[in-house]
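Enquirer:
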Amino acid sequence: MEPTIIRLPPRWTDASVLEDTLRRGPSPLSTLTSEVQFHIPKKCSLMTDAAVRLLSLLNQLDYSTRRVVVEFEASKDGVLPYLERIGFFQSLSPGVTVRPQRPSGFTAVRYRGSNPGVIEIQRIYRNQRDDSLPKRLTSAITRACEKRPDVKELEGAAWTILAELIDNVFSHSETRLDGFAALQVYPKGNCLKVAVSDSGLGMLETLRPALQSEAPKLAALRDVELIVEVFRQGLSRHGIGRGCGLKGCADKAVKFGASLDIRLPEARVLLLPGNQGYTPNRAFCYSGLPLIWGTHISFTFHLD
Amino acid sequence: MKSMNQIPSVDLRLREFMDEDEGWGRDAGRITCQRLISFVERHPGVLIFRVTLTGVRRVDISFASETVVELARKHRGQKGFCFIDLVDVDQRENWEAAALRARQPIMSWGVNGKPAFLGVEPSQGSVDALMFALRKTEARAAEYAATDRSMSITNASTKFKQLWEQGFLLRREAAAESGGREYVYILIR
Chain A
84 MEPTIIRLPP
94 RWTDASVLED
104 TLRRGPSPLS
114 TLTSEVQFHI
124 PKKCSLMTDA
134 AVRLLSLLNQ
144 LDYSTRRVVV
154 EFEASKDGVL
164 PYLERIGFFQ
174 SLSPGVTVRP
184 QRPSGFTAVR
194 YRGSNPGVIE
204 IQRIYRNQRD
214 DSLPKRLTSA
224 ITRACEKRPD
234 VKELEGAAWT
244 ILAELIDNVF
254 SHSETRLDGF
264 AALQVYPKGN
274 CLKVAVSDSG
284 LGMLETLRPA
294 LQSEAPKLAA
304 LRDVELIVEV
314 FRQGLSRHGI
324 GRGCGLKGCA
334 DKAVKFGASL
344 DIRLPEARVL
354 LLPGNQGYTP
364 NRAFCYSGLP
374 LIWGTHISFT
384 FHLD
Chain W
579 MKSMNQIPSV
589 DLRLREFMDE
599 DEGWGRDAGR
609 ITCQRLISFV
619 ERHPGVLIFR
629 VTLTGVRRVD
639 ISFASETVVE
649 LARKHRGQKG
659 FCFIDLVDVD
669 QRENWEAAAL
679 RARQPIMSWG
689 VNGKPAFLGV
699 EPSQGSVDAL
709 MFALRKTEAR
719 AAEYAATDRS
729 MSITNASTKF
739 KQLWEQGFLL
749 RREAAAESGG
759 REYVYILIR
């Protein structure tokens, strides 16, 4: 059987560009293909939200016993050194083949914590909570944005968002693989990206059964509509009075004009903030996407 | 334990029930809540728990939801929980979001003695009764009815009862001046 080949574009690649690329080809997790190859050209600059999402997908493919190859176009200053720097290969399943060769991970260890604008990919261990993880990630944000007049408020909001999202990995995902969190400041792009990714069941898979009995009208909504309501109303499989975490995240993110990208196994919603917060008429919805297990959420804060 | 006009109250230092100075996540919140429940059960005669956040650096909404808000919801009408030093804006937002979601009002007393309600607001019809109660430590329906000739004691009593049921006030039974029994409504302070 021919391998499935996915070619990333030679340009800045955020989560949206990654998704566009994946949509153009067959779904590697859904097809019977036994080998999946990712080709990454030297001018492909993977942004942190795309890198974390791709990392989860690669690990899921390897977990599903497919042969996985990631081939980088040879370059001294391309995406490969960057991914090595942020610890991508330390988090990548050992079964994934990296060409021309898998970096040792030495660079990530050597430079760990030395650049305030970047924080290495942090593994969210599914069996053991790292209590200081939100604090470490938030400290990086604070260092990177220390010149902002509202850095104190941003720090508090970012901590809450990270704590809630990371807790969701433990509380809701029933994940089979470790999750990941990462952030990076892009001064030229005037933005900060925060991404949290897990490989569990996906938010709606755990929510829908509870809604069938508690709120049948909501249960009847399509996936993309239901995601919007999760962030607008706060919904939880644990019943009324719960589910305020993600809504609270959204409320805080809106204050800083952050856009919000939520990827579920086969659907995605991009929420843009408006005067009324995140509303359905400012949501870009995509369904029928190539399968990626879990929930992958990224916030993009503008820095001005 | 201290007593304010015979209303037994005690300060509850939340940090002493937490593992870290930052509280996040539902599971951590539930563990803390169990410790808080034990504390409450060790003070059976206490009506009001005055929560101090000294030493608590941050809490997220899930943790807030599972701890003080859950405790207040669980004991609604029987015991009261209020904040006495909630000044951090971010923490305030998170306690507010958790209280709102649980539809559980929690009073927050400022350093200047000014009150604020976190969570749901009283209904339009009972705001005035709550304002009356806020001016006193204890309030009786007969006293409130006496402030407005058009209001019956029954009507005043209904408003107070609603506020009690919704978690804005506590109450206890006492002897009325008429010789019967009446409810005395208590501010959570």
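Which chain is which? The protein sequence lines are A and W, in order. Mapping of the first sequence onto the numbering used here: residues 84 to 387, in sequence order. Mapping of the second sequence onto the numbering used here: residues 579 to 767, in sequence order. From the three backbone atoms N, C-alpha and C, an ideal C-beta is built for every residue, glycine too. Quantities reported herein were computed from a predicted structural model and do not represent experimental measurements.
Nearest-angstrom Cα distance between W/K580 and A/E247?
Expert: By one-based count along the second sequence, residue 580 of chain W stands at place 2. By one-based count along the first sequence, residue 247 of chain A stands at place 164. Summary for W/K580: the model assigns pLDDT 48, below 50, so the residue's position carries little reliability; its value from the coordinates is reported in the next sentence. Near 37 Å, if we compare the C-alpha coordinates of A/E247 and W/K580.
Enquirer: Can you tell me where the beta strand (DSSP E) with A/F121 in it begins and where it stops?
Expert: Counting from 1 along the first sequence, the entry for residue 121 of chain A is found at position 38. Here the beta strand (DSSP E) through A/F121 covers E118 to I123.
Enquirer: Counting only beta-carbon atoms, is W/A675 nearer than 8 Å to chain A?
Expert: As a working note, residue 675 of chain W is residue 97 in the second sequence. Yes, its Cβ sits closer than 8 Å to a Cβ of chain A.
Enquirer: Since A/T459 sits in a beta bridge, which residues does DSSP pair it with?
Expert: Given that chain A is displayed from residue 84 to residue 387, the structure contains no residue 459 of chain A and the question cannot be resolved.
Enquirer: For the segment 622-645 of chain W, enumerate the residues whose C-beta is nearer than 7 Å to any C-beta of chain A, in chain order.
Expert: Result list: R636, D638, I639, S640 and S643.
Enquirer: For the segment 152-160 of chain A and the segment 115-129 of chain A, state whether three or more C-beta atom pairs, one from each stretch, are separated by less than 8 Å.
Expert: Contact between the segment 152-160 of chain A and the segment 115-129 of chain A is present, because at least three Cβ pairs lie under 8 Å.
Enquirer: Assuming A/V268 and A/I249 form a contact by the criterion Cβ under 8 Å, report the distance between their Cβ atoms to the nearest whole angstrom.
Expert: Against the first sequence, residue 268 of chain A aligns to sequence position 185. Against the first sequence, residue 249 of chain A aligns to sequence position 166. 20 Å between Cβ atoms; not a contact.
Enquirer: Since W/D668 meets chain A, which of its residues come closer than 9 Å, beta carbon to beta carbon?
Expert: One-based indexing of the second sequence puts residue 668 of chain W at position 90. The answer, in chain order, is K235, E236, E238, G239, A240, W242, T243 and K335.
Enquirer: For A/E167, which option in A/L372, A/E203 and A/G178 has the closest C-alpha, if you only look at C-alpha atoms?
Expert: For the purposes of this step, residue 167 of chain A is taken as the residue at position 84 of the first sequence. Of the listed residues, the one whose Cα sits closest to A/E167 is A/E203.
Enquirer: Regarding A/Q267 and the ligand FAD, is the C-beta to nearest heavy atom distance less than 7 Å?
Expert: For the ligand FAD, the structure offers nothing, since it holds no ligand at all.
Enquirer: Could you tell me the boundaries of the beta strand (DSSP E) in which A/W376 lies?
Expert: Counted from its first residue, the first sequence places residue 376 of chain A at position 293. Per DSSP, A/W376 belongs to no beta strand (DSSP E) and is neither H nor E.
Enquirer: In three-state DSSP terms, what is A/L115?
Expert: Translated into the one-based positions of the first sequence, residue 115 of chain A becomes position 32. Looking at A/L115 - three-state DSSP - the assignment turns out to be coil, as it is neither helix nor strand.
Enquirer: Figure out for me which residue from A/G239, A/G262 and A/S282 has the closest Cα to the Cα of A/Q211.
Expert: On the first sequence, residue 211 of chain A is found 128 positions in, with the first residue counted as 1. Residue A/G262 is the option with its Cα nearest to A/Q211.
Enquirer: With a threshold of 8 Å between beta carbons, is W/G757 in contact with chain A?
Expert: Counting from one through the second sequence, the residue named residue 757 of chain W turns up at place 179. Not an interface residue.
Enquirer: Does chain A have any CB closer than 8 Å to the CB of W/R593?
Expert: Start at 1 with the first residue of the second sequence, and residue 593 of chain W comes out as number 15. For W/R593, the answer is no, since every Cβ of chain A falls outside 8 Å of its Cβ.
Enquirer: Quick one: is A/Q205 buried, meaning 16 or more other Cβ sit within 10 Å of its Cβ, or exposed?
Expert: Within the first sequence, the letter at position 122 stands for residue 205 of chain A. Answer is buried; the Cβ neighbour count reaches 16.
Enquirer: Could you check which residue in W/L664, W/A676, W/D599 and W/K714 has the C-alpha nearest to that of W/N690?
Expert: Counted from its first residue, the second sequence places residue 690 of chain W at position 112. Minimum Cα distance to W/N690 is reached at W/L664.
Enquirer: Within the same chain, show all residues whose beta-carbon is closer than 7 Å to that of W/R651, passing over the 5 residues directly before and after it, in chain order.
Expert: Taking the first residue of the second sequence as 1, we reach residue 651 of chain W at position 73. The answer, listed in chain order, is A680 and Q682.
Enquirer: In the DSSP assignment, the beta strand (DSSP E) including W/F695 goes from what residue to what residue?
Expert: As a first step, residue 695 of chain W must be located in the second sequence, where it is residue number 117. Per DSSP, W/F695 belongs to the beta strand (DSSP E) from P693 to L696.
Enquirer: Considering Cα atoms alone, identify which of A/G328, A/T258, A/G108 and A/N358 is closest to A/G340.
Expert: As a working note, residue 340 of chain A is residue 257 in the first sequence. Closest by alpha carbon: A/N358.
Enquirer: Assuming A/D334 and A/G371 make a contact with CB atoms under 8 Å, what is their CB distance in whole Å?
Expert: Start at 1 with the first residue of the first sequence, and residue 334 of chain A comes out as number 251. Start at 1 with the first residue of the first sequence, and residue 371 of chain A comes out as number 288. Actually they are not in contact, since the Cβ atoms of A/D334 and A/G371 sit about 30 Å apart, beyond 8 Å.
Enquirer: With A/C274 as the anchor, note down where its beta strand (DSSP E) starts and where it stops.
Expert: What you label residue 274 of chain A is simply residue 191 of the first sequence in a count that begins at 1. C274 to S280 is the span of the beta strand (DSSP E), which, as asked, contains A/C274.
Enquirer: Compute the Euclidean distance between the alpha carbons of A/L129 and W/P700, then round it to the nearest angstrom.
Expert: Working through the first sequence from its first residue, we reach residue 129 of chain A at position 46. Working through the second sequence from its first residue, we reach residue 700 of chain W at position 122. Straight-line Cα distance between these residues: approximately 51 Å.
Enquirer: If I follow the unbroken beta strand (DSSP E) through W/G658, where does it start and stop?
Expert: The residue given as residue 658 of chain W occupies position 80 in the second sequence. Segment G658 to F661, the beta strand (DSSP E) holding W/G658.
Enquirer: Using a Cβ-Cβ cut-off of less than 9 Å, list which residues of the segment 201-216 of chain A approach chain W; keep chain order.
Expert: Answer in chain order: R212, D214 and S215.
Enquirer: Using a Cβ cut-off of 8 Å (strictly closer), state whether A/D250 contacts chain W.
Expert: What you label residue 250 of chain A is simply residue 167 of the first sequence in a count that begins at 1. Yes, its Cβ sits closer than 8 Å to a Cβ of chain W.
Enquirer: Using CA atoms only, rank isn't needed, just tell me which of A/D145, A/G377 and A/R90 is closest to A/S176.
Expert: On the first sequence, residue 176 of chain A is found 93 positions in, with the first residue counted as 1. The shortest Cα separation from A/S176 among A/D145, A/G377 and A/R90 belongs to A/D145.
Enquirer: What are the residues in the segment 255-269 of chain A lying within 8 Å of chain W by C-beta distance?
Expert: Against chain W - using a Cβ distance shorter than 8 Å - the segment 255-269 of chain A contributes no residues.
Enquirer: Going by Cα to Cα distance, which pick from W/Y722, W/S728 and W/T630 is closest to W/S735?
Expert: If you number the second sequence from 1, residue 735 of chain W lands on position 157. Checking every option, the nearest Cα to that of W/S735 belongs to W/Y722.
Enquirer: In this structure, what does DSSP give as the bridge partners for W/D589?
Expert: Position 11 of the second sequence, counting from 1, holds the residue named residue 589 of chain W. In the DSSP output, where bridge partners are listed per residue, W/D589 has W/R628.
Enquirer: Is the Cβ of W/N672 closer than 8 Å to any Cβ of chain A?
Expert: Here residue 672 of chain W refers to the residue found at position 94 when the second sequence is read from its first residue. Yes, because at least one Cβ of chain A sits closer than 8 Å to the Cβ of W/N672.
Enquirer: Bridge partners of A/V352, per DSSP?
Expert: For the purposes of this step, residue 352 of chain A is taken as residue 269 along the first sequence, with counting starting at 1. Partner(s): A/I345 and A/C368.
Enquirer: For A/L318, which of helix, strand or coil comes out of DSSP?
Expert: Counting from 1 along the first sequence, the entry for residue 318 of chain A is found at position 235. Three-state result, A/L318: coil.
Enquirer: Would you say W/R620 lies against chain A (beta-carbon separation less than 8 Å)?
Expert: On the second sequence, residue 620 of chain W is found 42 positions in, with the first residue counted as 1. Not closer than 8 Å to any Cβ of chain A, the Cβ of W/R620 fails to qualify, so no.
Enquirer: W/M685: buried (16+ other C-beta within 10 angstroms of its C-beta) or exposed?
Expert: Taking the first residue of the second sequence as 1, we reach residue 685 of chain W at position 107. Buried: at least 16 other Cβ atoms inside 10 Å.
Enquirer: On the DSSP letters alone, give me the boundaries of the beta strand (DSSP E) that A/Q267 sits inside.
Expert: One-based indexing of the first sequence puts residue 267 of chain A at position 184. A/Q267 -> beta strand (DSSP E) spans G262 to Y269.
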